Amino acid sequence: MTSQDTRPGTADRPAAAGGADSAARNGAPAGERHLPGEQVVLAAGSPMPLDSGAQLGPFTVAYRTYGTLNAEKSNAVLVCHALTGDQYMAEPHPVTGRPGWWEVMVGPGRPLDTERFFVICANVLGGCMGTTGPQDLDPATGKPWGPTFPVVTIGDMVRAQKLLVDHLGIARLFAVVGGSMGGMQVLEWAARYPERVLAAVPIATAAYHTAQNIAFHEVGRQAIMADPDWDEGWYQLSGKTPRRGMAVARMTAHVTYLSEQALHRKFGRRLQDRQKPSFGFDADFQVESYLRHQGSSFVDRFDANSYLYITRAMDYFDLAAEHGGVLADAFRRSPVRFCVMSFTSDWLFPTSEAKRIVHALNSVAADVSFVECDSDKGHDAFLLIEPEFHETLNGFLNGCCEGLGLPQGQLRPLDQSHDPTRDRVT
Numbered sequence: 001m002t003s004q005d006t007r008p009g010t011a012d013r014p015a016a017a018g019g020a021d022s023a024a025r026n027g028a029p030a031g032e033r034h035l036p037g038e039q040v041v042l043a044a045g046s047p048m049p050l051d052s053g054a055q056l057g058p059f060t061v062a063y064r065t066y067g068t069l070n071a072e073k074s075n076a077v078l079v080c081h082a083l084t085g086d087q088y089m090a091e092p093h094p095v096t097g098r099p100g101w102w103e104v105m106v107g108p109g110r111p112l113d114t115e116r117f118f119v120i121c122a123n124v125l126g127g128c129m130g131t132t133g134p135q136d137l138d139p140a141t142g143k144p145w146g147p148t149f150p151v152v153t154i155g156d157m158v159r160a161q162k163l164l165v166d167h168l169g170i171a172r173l174f175a176v177v178g179g180s181m182g183g184m185q186v187l188e189w190a191a192r193y194p195e196r197v198l199a200a201v202p203i204a205t206a207a208y209h210t211a212q213n214i215a216f217h218e219v220g221r222q223a224i225m226a227d228p229d230w231d232e233g234w235y236q237l238s239g240k241t242p243r244r245g246m247a248v249a250r251m252t253a254h255v256t257y258l259s260e261q262a263l264h265r266k267f268g269r270r271l272q273d274r275q276k277p278s279f280g281f282d283a284d285f286q287v288e289s290y291l292r293h294q295g296s297s298f299v300d301r302f303d304a305n306s307y308l309y310i311t312r313a314m315d316y317f318d319l320a321a322e323h324g325g326v327l328a329d330a331f332r333r334s335p336v337r338f339c340v341m342s343f344t345s346d347w348l349f350p351t352s353e354a355k356r357i358v359h360a361l362n363s364v365a366a367d368v369s370f371v372e373c374d375s376d377k378g379h380d381a382f383l384l385i386e387p388e389f390h391e392t393l394n395g396f397l398n399g400c401c402e403g404l405g406l407p408q409g410q411l412r413p414l415d416q417s418h419d420p421t422r423d424r425v426t
């Protein structure tokens with residue numbers, strides 16, 4: 001099979017989505033879902049080896065691009081999304097109709113300015129928004145992969161992205177940028193393909209997944225697998241969805257993305273639509289109602305098995321282990337320019353983990369900048385309007401532009417009314 005590219009144009013952007021589209025939701029194989037954007041079939045000539053020892057190919061990668069690739073192909077920025085994100089970072093989501101998950105970061109007058117950069121974002125391998133994952137058909141059986149889909153790693157995700165970048169004819173990316181799990185992919189890119197990256201911006205992330213974070217993921221996975229409708233991973237065959245388990249998994253994870261300060265400011269101990277407690281187990285408190293909403297809305301846009309596979313990929317991530325147990329060796333003689341960023345109230349990926357990365361880079365004399373941004377919004381701060389964060393990233397990218405003759409960017413004011421606790425895609 002030869003590579004197929006159905007993209008309508010590298011600078012295309014679809015019209016606003018009108019709301020949920022049942023054909024685009026979880027449950028339908030990639031070939032049967034009608035999603036706006038571009039898809040390409042990769043690894044058609046020979047399967048791509050996976051870290052597990054398995055092979056996968058051909059497979060589909062779904063992606064979106066914003067802006068225009070210049071003649072020198074020197075202005076391409078790859079954005080790597082977080083756990084439940086996808087390629088729709090700067091446009092309405094085709095399933096939920098909600099704004100793109102990084103519209104505050106991508107667009108004219110924003111740090112990833114589409115008037116000067118060609119910005120790419122691809123759904124990760126194992127995902128559920130057009131890139132091949134467990135809900136898609138196994139060509140060997142004609143049935144959904146389900147729990148037989150091969151386990152993938154952050155490294156496998158990056159290999160697939162590299163094939164996409166090759167397909168687009170881009171020899172070197174101007175920058176790779178991402179937060180949370182996206183930051184793990186950024187580190188993997190810089191370590192695995194240093195000659196293909198000018199600048200790397202890992203945000204609110206770590207060089208390995210901690211025991212605490214693995215524990216949170218395991219709670220979520222067990223909630224999904226304990227739901228009878230999960231059906232040992234074969235729920236697609238019966239037309240079911242493990243809604244209750246997925247909702248609990250999302251509720252648990254969402255708490256880790258926030259901070260005590262943000263929760264107190266938004267909800268405190270205020271009751272939900274009542275003057276006094278019900279003395280029962282309904283959602284008495286506003287924070288309970290909020291979490292239940294987060295759980296129920298998540299079910300409508302994500303696939304349960306994809307959640308299992310992608311959380312597992314994060315758990316397996318340990319960049320030092322790939323380099324003899326020495327993190328610094330991952331970056332030895334690296335030509336990449338790094339800007340490592342963290343947030344003061346992020347307890348999921350605390351500043352101590354960012355400093356571990358910076359220390360490793362400094363020990364091999366890598367070109368690294370480090371900024372801890374002051375924010376009380378927790379891990380999700382990287383998705384929100386944080387002026388210090390935006391100004392720092394814009395300044396770093398401007399500095400990287402100087403040697404290439406690319407234009408400098410000037411930030412424009414953003415609407416400060418964005419609700420920091422609306423639906424997020426961390």
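Each residue of the sequence shown is one higher than the last, beginning at 1 in full-length UniProt numbering.
We put the CB at the ideal spot given by N, CA and C, even for glycine.
As the structure is a computational prediction, the values presented were derived from the model and not from experiment.
Nearest Cα to Q39 within the set L164, D156 and G142: L164. Annotated three-state conformation of Y235 is helix, per DSSP.
Here H34 is exposed, its C-beta having fewer than 16 other C-beta atoms within 10 Å. Looking at the DSSP output, L173 sits in a beta bridge with V197. In this structure Q236 is in contact with Q135, their Cβ atoms being roughly 6 Å apart against a cut-off of 8 Å. D113 counts as buried, since at least 16 other C-beta atoms from the protein chains shown sit within 10 angstroms of its C-beta. Bridge partners of T60 according to DSSP: V41.
Considering only E232, M89 and G109, the residue with the shortest C-alpha distance to E103 is M89. A straight line joining the alpha-carbon of V248 with that of T205 spans about 24 Å. Contact holds between the region 121-139 and the region 152-164, because three or more Cβ pairs, one in each stretch, are under 8 Å apart. Put simply, of V326, L168, E260 and T311 the residue whose alpha carbon is nearest the alpha carbon of V364 is V326.
Cβ atoms of P92 and G100 come within 8 Å of each other, at about 7 Å. The distance from the Cβ of M314 to that of M181 is about 5 Å, consistent with a contact at the 8 Å cut-off. In the DSSP annotation of this structure, the continuous segment of the beta strand (DSSP E) that includes L78 starts and ends at A76 to C80.
Taken through DSSP and simplified to helix, strand or coil, V165 comes out as helix. Scanning the region 66-121 from its first residue to its last, the whole beta strand (DSSP E) runs of 3-plus residues come out as 76-80. Contact annotation, L258 with V152: C-beta distance approximately 28 Å; criterion of less than 8 Å not satisfied.
Only residues of its own chain outside the window of five on either side were considered, and among them R221 have a CB closer than 6 Å to the CB of L308, listed in chain order. Secondary structure of E372 (DSSP, three-state): strand. G155 carries a helical assignment under DSSP once its states are collapsed to helix, strand and coil.
In chain order, M341, S342, F343, T344, T351 and A354 place their CB closer than 8 Å to the CB of E372, counting only its own chain and leaving out the 5 sequence neighbours on each side. By alpha-carbon distance to A320, the top candidate from G155, N123 and F267 is G155. Around the CB of F281, fewer than 16 other CB atoms lie within 10 Å, so the residue is classed as exposed. Its chain contains A283, D284, F285, Q286, E288 and S289 as the residues whose beta carbon lies nearer than 8 Å to that of Q272, once the 5 sequence neighbours on both sides are disregarded; these appear in chain order. Straight-line measurement puts the Cα of Q87 at about 10 Å from the Cα of P36. Q408 is positioned such that its CB atom lies closer than 8 Å to that of C401.
Taken atom to atom, the span from the alpha-carbon of R333 to that of L198 is near 14 Å. Setting aside the 5 residues that flank it on each side, F389 is surrounded in the same chain by C373, each with a C-beta closer than 6 Å to its C-beta; the list follows chain order.
For P350, the secondary structure class from DSSP, reduced to helix, strand or coil, is coil.
Its chain contains N75, L406, P407 and G409 as the residues whose beta carbon lies nearer than 7 Å to that of R116, once the 5 sequence neighbours on both sides are disregarded; these appear in chain order. The beta carbon of H323 is closer than 8 Å to those of A191, D329 and A330 in its chain, skipping five residues each way along the sequence. The straight-line gap separating the alpha-carbon atoms of C121 and R337 is approximately 21 Å. Our two residues, W234 and A223, have alpha carbons roughly 16 Å apart in a direct line. Rounded to the nearest whole angstrom, the C-alpha separation of G378 and L291 is 16 Å. Close CB contacts of I170 within its chain, under the 6 Å cut and outside five residues either way in sequence, are with K73 and A76 (chain order). P144 sits in a strand when the DSSP states are folded into three classes.
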